[in-house]
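Quick note on our numbering: the sequence shown kicks off at 18 and runs consecutively. So the structure is just underneath, and the comments pick up after that.
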Amino acid sequence: MIEINLIPNVKQELIKAQRIRTKVIASSILVGVISISVVTLLAVYIFGAQSLRGYLADKDIDTYSAKLKAVPDLSKMLTIQNQITKLKALNDNKKIDSRLFDLLAAIISPIPNDIRYSSLSIDSDQKTISIEAQSVNSAGAYATAEIFKKTIEVAQVKYTDTDGKDQQVNVASNVSTSNVSYGEDASGQKVLRFTISFNYNDALFSPSSKDASVVIVYSDGGDFTDSRLGVPSTIFTSRASDITEGDQ
């Protein structure tokens with residue numbers, strides 16, 4: 018049997034192209050259907066499942082809120098708990114003001130340049146210390162006051178910092194003398210009254226300054242620590258009274 022191909026080559030190419038086009042269109046439709054299905058599923062999840070989860074979460078919040086509101090004195094408990102959490106921070110930051118007595122013992126001048134303290138005040142906001150004092154050395158009262166001022170200027174605090182390193186810094190800065198006048202003490206003795214004010218270094222009262230001590234560093238490099246001094250009651254006295262014109 019003899020077969021004769023009556024379809025020219027051009028016609029065959031056209032048929033082949035049509036088949037390819039049909040396959041491409043079918044594939045595109047299939048991809049489109051799949052894409053639409055994926056988008057639909059995502060939309061259902063977002064607007065359905067997420068909304069459901071949000072509803073359940075809100076319901077849980079309402080449930081537990083109701084339980085908390087049912088607890089007696091809840092607000093007081095929360096207030097106390099909040100204060101307890103702050104106790105450690107407050108304790109860590111509190112100043113060790115008792116070190117002021119170490120400073121007073123270290124800066125007191127020996128006889129004959131000794132003085133008596135009348136009053137003390139600390140301003141933690143301005144970081145200043147004011148000392149009202151009087152010199153009992155009537156012969157060299159002004160020199161005694163100046164020696165006291167210089168002693169404060171060379172006073173230093175020795176301590177160990179949080180890194181375990183030994184530090185030594187000046188206790189005071191901006192030391193000044195004011196309110197200088199003569200008066201009489203309780204025994205009728207003529208004394209020089211004055212006020213010494215200065216800014217103190219944070220290390221003096223800081224709780225992070227471990228094993229702190231006050232030393233007086235002299236020009237020859239020696240020092241005299243407060244550990245070798247006490248705080249005798251004799252360094253405190255009542256403020257001297259004013260001298261009237263007839264007593265001068």
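C-beta: ideal position from N, C-alpha, C; glycine also.
{"query": "Q173, DSSP secondary structure in three states", "result": "strand"}
{"query": "Residues bridged to D140 [DSSP beta-bridge criterion]", "result": "T145"}
{"query": "Rounded straight-line distance, which links the Cα of I132 to that of D202", "result": "12 Å"}
{"query": "contact_flag[the region 161-172, the region 181-196] where n(CB pairs < 8 Å) is 3 or more", "result": "yes"}
{"query": "Extent of the continuous alpha helix (DSSP H) run through A122", "result": "R116 to I124"}
{"query": "Outcome for D243 when other beta-carbon atoms lying within 10 angstroms are tallied against a minimum of 16", "result": "Reliability fails at D243, whose pLDDT of 40 lies under 50, so the model's placement of it is uncertain and the value that follows must be treated cautiously. Classification of D243: buried, given that the 10 Å Cβ count is 16 or more."}
{"query": "Y199 - partner residues in DSSP beta bridges", "result": "L209"}
{"query": "S52 versus Q35: straight-line alpha-carbon distance, rounded", "result": "26 Å"}
{"query": "DSSP state of Q29 mapped onto helix, strand, coil", "result": "helix"}
{"query": "Proximity to A150 [Cα-Cα], best of G181, T177, V174 and L209", "result": "L209"}
{"query": "Where V174 falls, given that 16 or more other Cβ within 10 Å makes a residue buried", "result": "buried"}
{"query": "C-alpha gap between V232 and L137, whole angstroms", "result": "20 Å"}
{"query": "Same chain, Cβ closer than 7 Å to L31, five either side skipped, listed in chain order", "result": "none"}
{"query": "Range of the contiguous beta strand (DSSP E) that encloses S223", "result": "Element bounds for S223: n/a, residue is neither H nor E."}
{"query": "Three-state secondary structure assigned by DSSP to A158", "result": "helix"}
{"query": "S135 in three-state terms, based on DSSP", "result": "strand"}
{"query": "9 Å Cβ cutoff met for A189 and D119", "result": "no"}
{"query": "Under 9 Å between C-beta atoms of K144 and N216", "result": "yes"}
{"query": "Cβ neighbour criterion (16 or more within 10 Å) applied to S141", "result": "exposed"}
{"query": "DSSP-derived helix/strand/coil call for I233", "result": "strand"}
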